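Shown next, in structure tokens, is the structure this report addresses.
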Amino acid sequence: TRFPRNTKVTLGEAGGITQHIGAYQLEIHDKKITFLDTPGHAAFTAMRARGAQITDITILVVAADDGVMPQTIEAINHAKAAGMPIIVAVNKIDKPQANPDRVMQELTEYELVPEAWGGDTIFAPISAKFGEGLENLLDMILLVSEVEELKANPDRRA
């Protein structure tokens, strides 16, 4: 499984960073998951805030080599303000300087404690570049959507 957004698309955008909200849908285990991809760069606060208002689950993507950044904290605050569950995807685990444990430790300061450490936050180590861990991440999204009883209403407009 590849991550839903083709990472080559971002190469054509200024600075190689996502600059718009992208939407795409996957079907896995006969269930549809719709993703809204908001820019992670610090300059796109308003887009992240809007994205947090219209989603059901936040997938907080944190680079295993960079760790928690100011925009990570901002995204956490948006998700918490909206009262939505957060799944942490620790990306770039393929990099030699990756330190997923440091990311987990840093996020405990924001009350995102990994299940493995006795908390209630799902952490999914992934490499979007190589597709590693993506099946597990998708399964975790489906699990949270079941627990939260998230369902689309086919009789309503999106």
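The sequence shown maps to residues 130 to 287 in the working numbering.
Virtual Cβ for every residue (Gly too), placed ideally from N, Cα, C.
A quick note: this is a predicted structure, and the numbers were derived from the prediction, not measured.
Under 7 angstroms Cβ to Cβ from Tyr239, same chain only, skipping five residues before and after it: list those, please. The answer, listed in chain order, is Ile202, Ile205.
Looking at the structure shown, is Val242 part of a helix, part of a strand, or coil, going by DSSP? Note: Val242 maps to coil in three-state DSSP.
What number of angstroms, rounded off, separates the C-alpha of Glu244 from the C-alpha of Phe164? Computed Cα separation, rounded: 24 angstroms.
What did DSSP end up calling Gly180 once you bin it into helix, strand or coil? Because Gly180 carries a pLDDT of 49, less than 50, the predicted location of this residue cannot be relied on, and the following value inherits that uncertainty. Collapsing the DSSP output to three states places Gly180 in a helix.
Indicate whether the contact test is met: 3 or more Cβ pairs, each with one atom in the region 185-196 and one in the region 215-232, closer than 8 angstroms. The region 185-196 vs the region 215-232: in contact.
Note down, in chain order, each residue of its chain lying with its Cβ closer than 8 angstroms to the Cβ of Ala301, except the 5 sequence neighbours on either side. This structure does not reach residue 301, given that the chain is present from 130 up to 287, and the question cannot be answered.
Return helix, strand or coil for Leu189, following the three-state DSSP convention. Looking at Leu189 - three-state DSSP - the assignment turns out to be strand.
Going along the chain, which residues of its own chain have a beta-carbon closer than 7 angstroms to the beta-carbon of Thr250, five neighbours each way excluded? The answer, listed in chain order, is Ile215, Val217, Leu241, Val242, Pro243, Glu244.
From Ile222 to Glu264, what does the alpha carbon distance come to, in whole angstroms? Spanning the two alpha carbons is a distance of roughly 15 angstroms.
Near Phe173, which residues of its chain fall below 6 angstroms by C-beta distance, leaving aside the five closest residues on each side in sequence? Per-residue confidence for Phe173 stands at a pLDDT of 49, beneath the threshold of 50, marking its modelled position as unreliable; the derived number appears in the next sentence. So the list is empty, once near-sequence residues are dropped.
Could you check whether Gly196 and Val232 sit closer than 7 angstroms to each other, using their CB atoms as the reference points? Yes; because the gap between Cβ atoms is below 7 angstroms, this pair is in contact.
Taking its Cβ as the centre, do 16 or more other Cβ atoms sit within 10 Å of His207, making it buried, or is it exposed? Here His207 is buried. Its C-beta has 16 or more other C-beta atoms within 10 Å.
My understanding is that Asp185 touches Lys224, with C-beta atoms under 8 angstroms, so please give their C-beta distance in whole angstroms. At roughly 30 angstroms, the Cβ-Cβ gap does not stay under 8 angstroms, so Asp185 and Lys224 are not in contact.
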